[in-house]
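Down below is the structure, laid out as structure tokens.
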Amino acid sequence: MLANPDVLKAEMEDVGRRLRALRKRAARRQSRPRQRSRGWRCAPASSTCMVVLVYSGGVAEVVAEFAQGRGWWKGRGALAGSADELREIAVEVEQAHDTLPLVQIAALHGDPVKAGLVSEPQMLAIIRWLVERSLYTWTEEQNTVHGVAPSRAQLVERALSAIPPLAPDAWRQKVHARIGASQRSQRRWLAKFRVRWGLRLGKGGAAATAYSVAREASPRSGLAGTVLKVPAGKPILGDPSSLGERRSHITYLASITHDAEVQLRLPQVLIGNERQFSAAMMRSLPTLPANVQDAWRRGKAASEAGSISTVQWLEILVAGIQAVLPATDWDEAFAAVGAVAEQSRLGRRLCDALEWQQVPTVPDGLPSVEAARMIFPKNMKVNLEALLHQEMETLKQRRAALKRQSKEAAKDQKLLAAKRQRLLKAAKGLSAADLELLLQRAQE
Numbered sequence: 007m008l009a010n011p012d013v014l015k016a017e018m019e020d021v022g023r024r025l026r027a028l029r030k031r032a033a034r035r036q037s038r039p040r041q042r043s044r045g046w047r048c049a050p051a052s053s054t055c056m057v058v059l060v061y062s063g064g065v066a067e068v069v070a071e072f073a074q075g076r077g078w079w080k081g082r083g084a085l086a087g088s089a090d091e092l093r094e095i096a097v098e099v100e101q102a103h104d105t106l107p108l109v110q111i112a113a114l115h116g117d118p119v120k121a122g123l124v125s126e127p128q129m130l131a132i133i134r135w136l137v138e139r140s141l142y143t144w145t146e147e148q149n150t151v152h153g154v155a156p157s158r159a160q161l162v163e164r165a166l167s168a169i170p171p172l173a174p175d176a177w178r179q180k181v182h183a184r185i186g187a188s189q190r191s192q193r194r195w196l197a198k199f200r201v202r203w204g205l206r207l208g209k210g211g212a213a214a215t216a217y218s219v220a221r222e223a224s225p226r227s228g229l230a231g232t233v234l235k236v237p238a239g240k241p242i243l244g245d246p247s248s249l250g251e252r253r254s255h256i257t258y259l260a261s262i263t264h265d266a267e268v269q270l271r272l273p274q275v276l277i278g279n280e281r282q283f284s285a286a287m288m289r290s291l292p293t294l295p296a297n298v299q300d301a302w303r304r305g306k307a308a309s310e311a312g313s314i315s316t317v318q319w320l321e322i323l324v325a326g327i328q329a330v331l332p333a334t335d336w337d338e339a340f341a342a343v344g345a346v347a348e349q350s351r352l353g354r355r356l357c358d359a360l361e362w363q364q365v366p367t368v369p370d371g372l373p374s375v376e377a378a379r380m381i382f383p384k385n386m387k388v389n390l391e392a393l394l395h396q397e398m399e400t401l402k403q404r405r406a407a408l409k410r411q412s413k414e415a416a417k418d419q420k421l422l423a424a425k426r427q428r429l430l431k432a433a434k435g436l437s438a439a440d441l442e443l444l445l446q447r448a449q450e
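Sequential numbering from 7 applies to the sequence shown in the working numbering.
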């Protein structure tokens, strides 16, 4: 059966239309720069990357990170690719920029949105990415070098200063209005920034760094701010300092002037823990002023002239004893407290404090048991046998006799109980008359 010629003609026209569409698609793919990875944000030779290259100051490595999707919401966070891959992309970016016509280069330095190179959302994304990348680099430096966790206000201030200066004023104002809005908007933007770049809220350590108070800000360790995400147990700082090391440091507060004559009269201050100013440390600083050395020796009760030997210390001690002890009559001092003369010369004030009408005297002979119990504490283990010979021996004998009597009584009780058990067993098979007779015999 032959087909309808009109139907065949329509089918041939449809096939030709599809072939032309496929040829156009293949031509577009050949003319378009080849994108090498489906995970990239954009092609290295795209107009978006050219705008990033211009606004970053011509740094092709920054454009390579942008093309790879570093810090992108749907990308790979803050992780960058390998060095070889970044270098290869940077070469492609530079080659693509060198082949651009002058008209397009002028449009890139003007307003790329008006020139139709990028859209408005792309322009905002480019400026925001450059700001966040600069902010991430600065935060990493603050964490790892200075030991500072930047706060929200510090991050916002840094971000506003990182807006590309080559961007048009209108776009700079838009980004400035978005970043420098209310505090709530700033916190929301910083939260997204931390997610995109692999940061978190936390506290940084502290590094023992030397700095000039007049020129640099002191590290504020321990404050909560934005820090890098590192594995557990790994410090953020490359060379962190412990709490003991920070407390063991000495601060030199110097007063400096260009006039040499005035410099000799300016105060020089050392601030630190007193225990850190040891003799070895003072000997290692021979250039310290004399008044500092003298003040340290006075604080250590040392001689201002320098060190003193053991023999000299003993001579000073003997001289002090000879000047005080032989020149004082100590009899009255000892007698006033009852140390000598058998407490017979106690003063009236001490007797009133002890509620004594007269000074008691020590009786002759051994004290009684009641007196010994009053003298010695109740739970104190004291050998009273050495004090009370006969009384303790008698008490011991009485206790032994009582113990023997108690043992004999317990033995008799056991014998009676055994006899009673035997009688009960024997009485089970007896009649009432026999049982009565048995009880009478037991009582007898």
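Every residue gets a Cβ at the ideal spot worked out from N, C-alpha and C, and that includes glycine.
Rounded to whole angstroms, the gap between the alpha carbons of D175 and I133 is 12 Å. Boundaries of the alpha helix (DSSP H) harbouring V162: 158 to 167, taken from the DSSP string.
Taking 8 Å as the upper bound for CB-CB distance, L272 and S261 are in contact here, some 4 Å apart.
Secondary-structure assignment with DSSP links R206 through a beta bridge to V233. Here A51 is near A102, since their CB atoms are less than 8 Å apart. In this structure, A96 places its C-beta atom within 8 Å of the C-beta atom of V69. Under the three-state reduction of DSSP, T293 is assigned to coil, being neither helix nor strand. By the 16-neighbour rule on beta-carbons within 10 angstroms, E71 is buried.
For I277, the enclosing beta strand (DSSP E) has its first and last residue at 275 to 277. Cα atoms of L401 and Q419: separation of roughly 27 Å, rounded to the nearest angstrom. Shortest Cα-Cα distance from G63 to any of L196, A168, N279, A183 involves A168. Taking 8 Å as the cut-off, the beta carbon of L196 is found closer than this to the beta carbon of L161. Within the DSSP secondary-structure output, Y258 pairs in a beta bridge with L276. Within the same chain, and ignoring the five residues on either side of V57 in sequence, the residues whose Cβ sits closer than 7 Å to its Cβ are L114, P118, L123, V124, I132. The three-state secondary structure of D265, taken from DSSP, is coil. Going by beta carbons, W203 and G77 fall inside the 8 Å limit. In terms of CA proximity to S284, R303 leads the group E321, A423, V154, R303. Considering only E91, L14, V109, R24, the residue with the shortest C-alpha distance to W46 is E91. Collapsing the DSSP output to three states places Q179 in a helix. Here T334 carries a coil assignment [DSSP, helix/strand/coil]. Rounded to whole angstroms, the gap between the alpha carbons of R93 and V13 is 58 Å.
Fully enclosed alpha helix (DSSP H) runs of no fewer than 4 residues occupy 108 to 115 of the region 96 to 141, in order along the chain. Sequence-distant partners of E98 (beyond 5 residues in either direction) whose C-beta falls short of 7 Å from its own C-beta, in its chain, are P50, A51. For T54, the enclosing alpha helix (DSSP H) starts and ends at 53 to 61.
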